[in-house]
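Residue 110 in our numbering sits at position 107 of the sequence shown, and the numbers go up by one each step. Even for Gly, the Cβ is constructed at its ideal location relative to N, Cα and C. Please read the structure below before turning to the comments.
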Amino acid sequence: MRVPPTVEADWDEPTRTTLDQLGRLNIFTTLAHHPDLLHRWLVFGRHVLVSSTLPARERELVILRTGWRCGSEYEFAQHRKLGERAGLTRPEIDKAASDATDWPERDLVLLHATDQLVATHTMDDTLWAALSRDWTLQQVLDIVFAVGQYTLVSTALNTFQVALDEGLEGFPS
4 MRVPPTVEAD WDEPTRTTLD QLGRLNIFTT LAHHPDLLHR WLVFGRHVLV SSTLPARERE
64 LVILRTGWRC GSEYEFAQHR KLGERAGLTR PEIDKAASDA TDWPERDLVL LHATDQLVAT
124 HTMDDTLWAA LSRDWTLQQV LDIVFAVGQY TLVSTALNTF QVALDEGLEG FPS
């Protein structure tokens with residue numbers, strides 16, 4: 004662990020309130036080393052996670068795939084639970100961490116878009132057209148920003164070497 008989580012004695016009152024509301028997960032207690040960053044990042048993160056135009060299941064599929072492609076076991080582990088709550092099955096969650104192609108076409112396009120965005124930080128015209136057949140422009144924007152947000156988060160988690168919270172299951176074997 005390169006950046007250890009903060010402890011309660013390190014927190015000012017606004018940070019304590021935020022951490023109590025969010026849960027004292029390692030990601031948040033680690034980012035609490037920089038309370039201004041934590042609070043400002045949460046505004047955008049809430050949009051992607053809660054206010055996005057994407058259906059929850061598809062949003063979680065994109066996040067899980069981003070976490071896997073970025074090699075962020077922490078991100079993948081946290082979103083296993085959220086993915087299940089959003090309607091993904093355990094086999095689908097495990098399969099998101101693979102190159103399997105036996106997905107419904109709509110899911111497969113989302114996964115290919117995620118893969119391409121993570122790998123190249125852009126999307127080719129063919130994939131853009133395929134994505135745009137099933138999704139509104141606002142939803143496509145939310146897909147791109149979800150991948151970007153979780154690539155950023157995965158990069159931070161990997162760099163800071165944030166440990167899995169107790170009881171979480173990481174990547175499938």
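Whole-Å CB distance - residue i paired with residue j, under 8 Å assumed
i, j, result
"VAL110", "ARG72", "According to the sequence provided, residue 110 is Asp. The question's Val does not apply to it. 15 Å between Cβ atoms; not a contact."
"PHE148", "VAL51", "6 Å"
"THR9", "HIS42", "No, THR9 and HIS42 are not in contact; Cβ-Cβ is about 14 Å, not under 8 Å."
"LEU134", "VAL112", "6 Å"
"VAL165", "THR33", "5 Å"
"ASP168", "LEU28", "5 Å"
"LEU120", "VAL150", "4 Å"
"ALA100", "PHE31", "Contact flag wrong, Cβ pair sits at about 24 Å."
For residue i, three-class secondary structure by DSSP
i, result
"VAL143", "helix"
"GLU63", "helix"
"VAL10", "coil"
"ASP168", "coil"
Endpoints, alpha helix (DSSP H) assigned at residue i
i, result
"ASP192", "Any question about residue 192 goes unanswered here, given that the chain covers just 4 to 176."
"PHE47", "38 to 49"
"ALA132", "128 to 137"
Between the CA atoms of residue j and residue i - distance to the nearest angstrom
i, j, result
"GLU87", "SER157", "20 Å"
"HIS82", "THR162", "19 Å"
"THR139", "GLU61", "14 Å"
"THR104", "PRO7", "38 Å"
"LEU144", "LYS84", "25 Å"
"VAL46", "GLN152", "12 Å"
"ILE146", "THR18", "30 Å"
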